[in-house]
Amino acid sequence: MKVIQTKWLPLSIYAVGLSSMPVLADISPQIINGNEAAKGSWPFMVALVSKNVDAYEGQFCGASFIGERYVLTAAHCIEASSNQDFEVVIGVSDLSSPDVEQHRYSVEQIYAHESYTQEPASNDIAIIELSEKPAEPTVSLVDGYVRDNLNAGQMLTVIGWGDQNSSEEQYSSTSQLHQVNVPLVSQRDCNLGQGDGYSDIGADAFCAGYKEGGRDSCSGDSGGPIMISTNGHYEQLGLVSWGEGCAQPEAYGVYTNISHFADWIGKKTAGFSYQTKVMLGARPLGPIEHKFEFTNKSDQEINVTNVSLAAGTNDPITYNGSAIIKSNSCATLSPNEGCDVVVSYNIDSVGKHDFGIKVSTDSLAGVVTSKAHAIGANEVSDTVNALVTIPKNAVYSTEAWDVEGNTIASPDIANNKSTAFIVDGIPAGTVSLDLSVFSEEKHDYMEIYINGFEVSAFAGLLSGTVELPMARAKDNSFMIAYSKDEVGSAGHDRVTIKNFAYSNEIKELSLVEDPTIKKTGGSMGWYWLAMLLGGAMMRKLLLSLKRKGTQ
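Sequence positions in the sequence shown follow mature numbering (1 follows the signal peptide of the UniProt record, and there is no 0) and run -25 to -1, 1 to 526.
This is the structure we're talking about:
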């Protein structure tokens, strides 16, 4: 059993309905105050697990297998991941069982809802496309009318491998899948829930649970299914999304409403495969080219009717208007046929850049958008490079970072400006370094990114040793960024790093603080703990709004 003393993560569950699955007999109690699920009782249940990590230790969210090559989960579970960062395990009740690897599948693409937001939480749904078609049974999803026709009090079933302790201080779970029954709550009572965010809940979500608390989904259950028994069979009604704590009085569990997203799910599972977001990492200033690839994974012909730049959707701060379509091979695609569009872009300044294309099709997928994100940067001096004593391809920075003995320090920057330090081309393993932050509490922030995705944010004073897992087989990267707000200053207003080391063992992300330095200010962010615990604790947020799940 995992027993961990600090518990501050979010969680969000989406799930898919079960096709022709017989109703399971009730089993007597132990999720929060639920029961251990019988082996094989939920063969469509999916665990999202970190790549190159044991399934039990690496499980961070739930999901459901909805057929063909598609898995349904919560957007917050995958928003900080690419297809290279995690895998799925389907139909295994015990994540420590010896046959887990036979049910483990790689990820081809990820499709988060285009309008997903964290605060207020909305449209918390995503589709994962697998590299192959699994043989496991699927779950049936309810149609677009079921949710509105259900009465409050209707009993629903939630399943997951998440937290089984409702306290804020301790997280505990086992490798065994658990389940719990909770009643549907009226939308009026849902909006009256005690905690931030409940009054903002709209038609895209619903609540379930007891007014007095006691039974609930919790950390690590995010993205998993909540189901209704219909005519002797279970169908998926929603996905675990968020909640104010776990099993607390008048703080219901919040679930994504699958009925609301029936059309969206159909579009994303129509078989037109593409990468929605490509993280290119640091790039030297000058022109670059990127190839956007598309594949027809359906069993019918798909016609690409138009290809255009997606400049209209880009932030003018990060898009300079220089994108040009150099070539386009997309026209009529037979089943399993692919095409590509090559776009050139001029990175003319340091900082964030993005560009993309819109592709129109005559398939159910309709119009899709694919974007590339890069950071314009300069290679550091030989002196700085020599201090980064780990295997790598290059070291970049957006402004020249300083050297003080064996320490690399961020440069002085003006208010409302930022600076970044990037190490690229790192092999699989773990990078450790000593990190110190001296910033204005609640205003100026240090952020850490791994492979283009943010895993931490901190404001205040902090000093310690950080271990950063590099989980991809090759070409990993990390970035340390420091940003100042519009006004004010405190301390040294900078970040320092030193004592780089590398191990070929992939360890958990961790921070060991220097006990001689008094820590102040904001949290390292729920991403830290999510990754530190393999993402397993995805329901407790360290802020007042505590969501289930996120990586």
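Yeah, the Cβ is synthetic: ideal placement off N, Cα and C, and Gly gets one too.
With a beta-carbon spacing of about 6 Å, S452 and N426 fall inside the 8 Å limit used to define contacts. Rounded to whole angstroms, the gap between the alpha carbons of H153 and I201 is 12 Å. Annotation for Y31: the continuous alpha helix (DSSP H) segment containing it runs A30 to G33. By the CB criterion at 8 Å, V359 and W376 fall inside the cutoff. The Cβ atoms of R469 and F413 lie closer than 8 Å to each other. Rounded to the nearest whole angstrom, the C-alpha separation of A369 and V355 is 9 Å. When the alpha-carbon of K367 is set against those of I401, D99, E94 and A110, the nearest one is in I401.
Assignment of beta-bridge partners to V24 by DSSP yields Q34 and E62. Ranked by Cα distance from A178, the first of N156, S57, G213 and S204 is G213. A Cβ-Cβ separation of about 5 Å places V63 in contact with Y80 under the 8 Å criterion. Within the region 347 to 374, the complete alpha helix (DSSP H) segments at least 4 residues long are 357 to 362, listed from N- to C-terminus. By the Cβ neighbour-count rule, T132 is buried, with 16 or more other Cβ atoms within 10 Å of its own.
Around the CB of P259, fewer than 16 other CB atoms lie within 10 Å, so the residue is classed as exposed. Around the Cβ of Y120, a 10 Å sphere holds fewer than 16 other Cβ atoms; the residue is exposed.
Relative to the Cα of I41, the nearest Cα in the group Y227, T205 and G199 belongs to G199. Annotation for N321: no alpha helix (DSSP H) segment contains it, though the beta strand (DSSP E) segment containing it runs G313 to I322. If you look at H265, you'll find it in the beta strand (DSSP E) that goes G261 to N271.
Under the 10 Å beta carbon count, V487 is surrounded by fewer than 16 other beta carbons and is classified as exposed.
With contact defined as three or more Cβ pairs closer than 8 Å, the region 108 to 119 and the region 166 to 181 are not in contact.
By the Cβ-count criterion, N98 is buried, with 16 or more other Cβ atoms from all chains shown falling within 10 Å of its own Cβ.
For K108, the secondary structure class from DSSP, reduced to helix, strand or coil, is coil. For I455, the enclosing beta strand (DSSP E) stretches over residues N451 to S458. Secondary structure note for H328: it is in no alpha helix (DSSP H), and the uninterrupted beta strand (DSSP E) holding it is G326 to T336. In the three-state DSSP reduction, H78 falls in the helix class (H, G or I). Of the other Cβ atoms in all chains shown, fewer than 16 fall within 10 Å of the Cβ of Q129; this residue is therefore exposed.
Comparing alpha-carbon positions, the option among C165, Y420 and T373 lying closest to V398 turns out to be T373.
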